[in-house]
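See structure below.
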Ligand SMILES: CC(C)(COP(=O)(O)OP(=O)(O)OC[C@H]1O[C@@H](n2cnc3c(N)ncnc32)[C@H](O)[C@@H]1OP(=O)(O)O)[C@@H](O)C(=O)NCCC(=O)NCCS
């Protein structure tokens, strides 16, 4: 999948040092509910496990640099209180901090939505963002997602501190 500025392409093991460079930033993972990467080896393991399915998980590659600067994907809803419908996929994404607020994530999400429309019979997508991370909600709204309510997630990494989440859905 390709637009003016970006390509959505499978992750490669050779992306591990770049992934570590961006995902070790505590400002990125904390907004999405995961801990910052602690080593290139950990990033490689994430590529081999979390990012292994090239049918629904992609690196956001910036054409200008040829570098992976984020991730975009969808998959089965996890047990995370998002009130997903039966079989409804959950989406997830992040962009490296130096590239925030340039419309990159919106461009990537639009590409993925178009790809899902063209290649699957998925009827809707769901996602949620922490209330204190409004930029993520803005990305979804710009792509047509509609807020459906709020829930709470008990993140183990936050030692049981509940964090409210706004849930949004896109009818395909
Ligand atoms: C959320 C994230 C993916 C957005 O990526 P991005 O490439 O900067 O997104 P875009 O530039 O396409 O859009 C960001 C929008 O949020 C807006 N925004 C930024 N900070 C904001 C804030 N504090 N309050 C409200 N809106 C905000 C921007 O102005 C922009 O909207 P606009 O185009 O209407 O001006 C990125 O910030 C990120 O990776 N965050 C950490 C991980 C994360 O939160 N993942 C999602 C978990 S649900």
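Residue numbers (my numbering): 38 to 209.
C-beta: ideal position from N, C-alpha, C; glycine also.
What residue does the beta strand (DSSP E) around residue 153 start on, and which one ends it? The residue labelled residue 153 in the question sits at position 116 within the chain shown. Here residue 153 belongs to no beta strand (DSSP E); instead the alpha helix (DSSP H) covers 141-156.
Using the rule of at least 16 other Cβ atoms within 10 Å of the residue's Cβ for burial, across every protein chain shown, is residue 135 buried or exposed? Working through the chain shown from its first residue, we reach residue 135 at position 98. When all chains shown are included, residue 135 counts as exposed.
Straight-line CA distance for residue 73 to residue 84? Reading the chain shown from its first residue, position 36 is the one you call residue 73. Reading the chain shown from its first residue, position 47 is the one you call residue 84. Cα-Cα distance, rounded: 14 Å.
In angstroms with no decimal places, state the Cα-to-Cα distance between residue 47 and residue 91. What you label residue 47 is simply residue 10 of the chain shown in a count that begins at 1. What you label residue 91 is simply residue 54 of the chain shown in a count that begins at 1. Roughly 5 Å between the two C-alpha positions.
How many angstroms separate the CA atom of residue 53 from the CA atom of residue 44? Locating residue 53 in the chain shown gives position 16, where the first residue counts as 1. Locating residue 44 in the chain shown gives position 7, where the first residue counts as 1. Each residue's alpha carbon lies about 18 Å from the other.
Nonlocal neighbours in the same chain, by C-beta distance under 7 Å from residue 146, ignoring five residues either side: In the chain shown, residue 146 corresponds to position 109, counting from 1. So the qualifying residues of the chain are 109, 130, 176 and 180.
What do you get for residue 55, buried or exposed, if any count of 16 or more other CB atoms within 10 angstroms of its CB means buried? Sequence index remark: in the chain shown, residue 55 carries index 18 (1-based). When all chains shown are included, residue 55 counts as buried.
Supposed close pair residue 106, residue 137 - CB separation, criterion 8 Å: Start at 1 with the first residue of the chain shown, and residue 106 comes out as number 69. Start at 1 with the first residue of the chain shown, and residue 137 comes out as number 100. No, residue 106 and residue 137 are not in contact; Cβ-Cβ is about 10 Å, not under 8 Å.
Distance cut-off 7 Å: residue 171 Cβ against heavy atoms of ligand 1: The count along the chain shown starts at 1 and reaches residue 171 at position 134. The answer is yes for residue 171.
Residues bridged to residue 202 by DSSP? Indexing the chain shown from 1 puts residue 202 at position 165. Looking at the DSSP assignment, residue 202 forms a beta bridge with 167 and 188.
Test item: CB-CB of residue 189 and residue 201 under 8 Å: By one-based count along the chain shown, residue 189 stands at place 152. By one-based count along the chain shown, residue 201 stands at place 164. Yes, they are a contact pair.
Which parts of the region 51-117 are runs of the alpha helix (DSSP H), unbroken and 4 residues or longer, counting only runs that do not cross its ends? 53-60, 63-69 and 77-85
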